[in-house]
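*Asks:*
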Amino acid sequence: MKTPRLVLTATVLLAVAPLAACGSSAGSTKASADGNAPADVVLRLPDPGNSGFLALGKKDGSLDRALAAVHAKIAWTGSAGPFAPAAQALSADQLDIAQGSITSAVAALGQKPGFKLFAQTAPDAVGEGILVKNGSPIKNVQDLVGKKVAVSQGGTSEYLLLKALEKNGIPADKVERVYLRADQTAGVFNSGQVDAWATWNTFSTPEIANAGAHFLVNGQEVGSDNYAVWAVRNGFADKYPAVVGAFYGYLHENGLKEKADPAAYLNVVTDSGPTAVTPAEREVAINVTKAGATADVITDADLVRFGTVAQFFADQKVTKSLIDVKPYVLDVGKLPGGGK
């Protein structure tokens, strides 16, 4: 999956560390007749880090105010990372809402999920792709044959590489996939132990800005259907639909604000330290956000593209069987406060 350096509109993948005996967010209370949550219900989210509209919403209290209208409040917990641990935490009642990619979600939906998808953000055309070092002899996708490419297994990273190979008629076994956690790959890539790295904007931005890398191909060029998606724990959605609707409304509205003025959402907490966007990264980050989209309802057209991803992963043997995503989608537009 991210704390991430950036929280952008791409395939930023959120996870959570297990909570220490905190119990269900619903506690011993019951939902009111109109679907609103009682005052002591807590919505558990991964901490948003240092950039992005959720980071600003945490700092300025705007998210708290939006949820107070439906008698709910936020508990920030865990850290950012792959969606797989977040999916497990949702199913284990340790987390209520998280963001991931549809590629990671498809893999997680094959594991008896305890969550549904309720919002999507269109695929990141420019912030994700396959990185190579400036000056690399690899000039096109065909040049990856016989080379080592770092990927995170079963999600955005592996999907981008396989899509690029398929589009260029290259059998997948002609390129060596080196499976690494995304947050542990930069050193391997920069030391030359792998020839390329398929990744998303959290990691591509600092590599492009600071480490002399560039995209061999980006998401648009490989024909990516890799949406970002928001997932909610089933029990929470069933009991507190108005809270889910209010949270979605906040995502949509504030995502539009960030897209219009990305610079205002960088380094919300601090402009120094490991989570800070450096001056060199600033322009790259702004361009990625401006080119991106905001959270929206999941339409029938989106479901078709989700199905395309699921079929691709089944064909490529990333999943053991074809995953039907449709049963795991919640129509947020029908929830109280969910309509725009």
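As numbered in mature numbering (1 follows the signal peptide of the UniProt record, and there is no 0), residues -21 to -1, 1 to 319 make up the sequence shown, in order.
Even glycine gets a Cβ: it sits at the ideal position worked out from N, Cα and C.
From the DSSP output, in three-state form, read off V311 for me.
*Replies:* Correct three-state label for V311: helix.
*Asks:* Work out the CA separation of D19 and residue 321 for me, nearest whole Å.
*Replies:* Residue 321 falls outside the range modelled here, since the chain spans only -21 to 319, and no answer is possible.
*Asks:* Which whole-angstrom value describes the C-beta separation of Q99 and A207, a residue pair presumed to lie in contact below a C-beta threshold of 8 Å?
*Replies:* Yes, they are in contact, since the Cβ atoms of Q99 and A207 sit about 7 Å apart, within 8 Å.
*Asks:* Closer than 6 Å by C-beta to V157: which residues in its own chain qualify, once you throw out the five before and the five after it? Chain order, please.
*Replies:* Only K127, A129 and V173 meet the Cβ criterion.
*Asks:* Skipping 5 residues on each side, what residues in its chain have a beta carbon closer than 7 Å to that of K305?
*Replies:* The residues are L282.
*Asks:* Alpha carbon to alpha carbon, what distance is there between S131 and D72?
*Replies:* If I take the Cα positions, the gap works out to 25 Å.
*Asks:* Just the Cα atoms here: how many angstroms apart are R23 and V124?
*Replies:* R23 and V124: Cα-Cα distance of roughly 44 Å.
*Asks:* Could you give the C-beta distance for V247 and N29, rounded to a whole number, given that I count them as a contact under 8 Å?
*Replies:* The Cβ separation is near 6 Å, so the contact holds.
*Asks:* Whole angstroms are fine: how far does the CA of K37 sit from the CA of E155?
*Replies:* Going by the C-alpha atoms only, they are around 42 Å apart.
*Asks:* Could you tell me if A48 is buried or exposed, where buried requires 16 or more neighbouring beta carbons within 10 angstroms of its beta carbon?
*Replies:* Exposed, by the Cβ-count rule.
*Asks:* Here's a check: name, in chain order, each residue in its chain whose Cβ is nearer than 6 Å to the Cβ of I302, leaving out the five neighbours to either side.
*Replies:* Taken in chain order, the residues that qualify are V85, L88, G89 and A289.
*Asks:* Might you give, ordered along the chain, the residues of its own chain that have their beta carbon closer than 7 Å to the beta carbon of G2, omitting 5 neighbours on each side?
*Replies:* Because the pLDDT at G2 is just 41, under 50, the model does not fix this residue reliably, and the point stays unresolved.
*Asks:* Cutting at 7 Å between CB atoms, please list the residues of its own chain near V308, excluding the five before and the five after it.
*Replies:* K95, L96, I277 and L282.
*Asks:* From the DSSP output, read off the bridge partner residues of I187.
*Replies:* According to DSSP, I187 bridges with nothing at all.
*Asks:* Which residue marks the beginning of the alpha helix (DSSP H) containing E262, and which one marks its end?
*Replies:* Unbroken alpha helix (DSSP H) run through E262: P258 to A270.
*Asks:* Can at least three beta-carbon pairs, one atom from the segment 136 to 150 and one from the segment 160 to 180, be found at a separation below 8 Å?
*Replies:* Output reads yes: the segment 160 to 180 touches the segment 136 to 150.
*Asks:* Pick out whichever of R261, P27 and R284 has its Cα sitting closest to the Cα of I53.
*Replies:* If we check each option's Cα against that of I53, P27 comes out closest.
*Asks:* What is the C-beta distance between N205 and E107, in whole angstroms, given that I count them as a contact (C-beta under 8 Å)?
*Replies:* That belief holds up - the Cβ atoms of N205 and E107 are roughly 7 Å apart, short of 8 Å.
*Asks:* Could you check where the beta strand (DSSP E) with V128 kicks off and where it finishes?
*Replies:* From DSSP, the beta strand (DSSP E) with V128 extends over K127 to V130.
*Asks:* Just to confirm the assignment, what range does the alpha helix (DSSP H) spanning N169 have?
*Replies:* It spans A165 to N169 - the alpha helix (DSSP H) in which N169 sits, taken as one unbroken run.
*Asks:* With DSSP collapsed to three states, give me the class of A34.
*Replies:* Three-state DSSP puts A34 in a helix.
*Asks:* Between the beta-carbon of A143 and the beta-carbon of V120, is there less than 9 Å?
*Replies:* Closer than 9 Å, so yes.
*Asks:* Determine the direct distance from the alpha carbon of P102 to that of T184, and round the result to whole angstroms.
*Replies:* One C-alpha to the other measures close to 16 Å.
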